[in-house]
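Numbering-wise (the numbering used here), the sequence shown opens with residue 2 and increments by one. Right, one structure below, let's go through it.
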Amino acid sequence: MFVFFWGECIYCLYYIQVVSLLEEVGFDKETIGKILCRCPEIFATSIERTLKRKLKFLSAIGISEVHYPRVIKKYPELLVSDIDRTLLPRMKYLVNMGLSRRDVAFMVRRFSPLLGYSIEEVMRPKLDFLVNTMEKPLREVVDYPRFLSYSLEKKIKPRFWALKQRNIECSLKDMLGKNDEEFASEFLQAETTEVPPSLSPF
């Protein structure tokens, strides 16, 4: 009984330390609760060797402390990701593609989930399509890193070809950031003004 109680005390103490660390980062208790529900693995990691090391990693790549809450809130899995096997390879890939470290830091600050995307299955095919088929500069993905989150086959390609057929140029955000109705209304309106047969009085 005493052993069980002692184990509970240790766990509660560690929980308090994790919550305290996240509060120091800038989170309120409600947000901390959401983060821990989404990524409970945080409780299985070392505060010193894992959690604080990830904060140092963010600082090392150019993310200021004021942006920690935004970065972690969008991708709390960052705190339990392996730096050498997961985080750094993605950053190095983007740098090797021609982006500066500052560009990559800016992308992470705006859309941190990109640090968890597969290089071969997500990043490479989408950036290849962006540069070689869409003929857009890599700089555009810096301005809109969420580009990497959209399905290449179900959203990026269909919308790109729909716009290309109409000789329409627009930003990645305008192309992908709208829902289907908004996209059709803005870019395909001329083709959707015809009254559908089911609503026609004739």
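Backbone N, C-alpha and C fix where the C-beta goes; we use that ideal spot for every residue, glycine too.
Proximity below 8 Å, CB of residue i to CB of residue j
{"i": "V143", "j": "L100", "result": "yes"}
{"i": "G117", "j": "S172", "result": "no"}
{"i": "P114", "j": "Y76", "result": "yes"}
{"i": "I120", "j": "P90", "result": "yes"}
{"i": "L88", "j": "Y69", "result": "no"}
{"i": "L177", "j": "F130", "result": "no"}
DSSP state of residue i mapped onto helix, strand, coil
{"i": "P138", "result": "coil"}
{"i": "D83", "result": "coil"}
{"i": "K179", "result": "coil"}
{"i": "T32", "result": "helix"}
{"i": "C40", "result": "coil"}
{"i": "R167", "result": "coil"}
{"i": "I17", "result": "helix"}
Residues near residue i in its chain [Cβ-Cβ closer than 7 Å; skip 5 each side]
{"i": "L14", "result": "none"}
{"i": "Q18", "result": "I48"}
{"i": "V20", "result": "I33"}
Backbone CA spacing between residue i and residue j [nearest angstrom]
{"i": "S107", "j": "K93", "result": "The residue asked about is misnamed: residue 107 is Phe in this sequence, not Ser. Each residue's Cα considered, the two are about 14 Å apart."}
{"i": "K165", "j": "V105", "result": "29 Å"}
{"i": "P138", "j": "K53", "result": "36 Å"}
{"i": "R111", "j": "I84", "result": "19 Å"}
{"i": "E25", "j": "F188", "result": "46 Å"}
{"i": "L153", "j": "K127", "result": "6 Å"}
{"i": "A61", "j": "R125", "result": "25 Å"}
{"i": "I64", "j": "P146", "result": "16 Å"}
{"i": "P41", "j": "E122", "result": "26 Å"}
{"i": "A163", "j": "T46", "result": "47 Å"}
Spatial neighbours of residue i in its chain, beta-carbon cut-off 8 Å, leaving aside the 5 residues before and after
{"i": "Y16", "result": "F44"}
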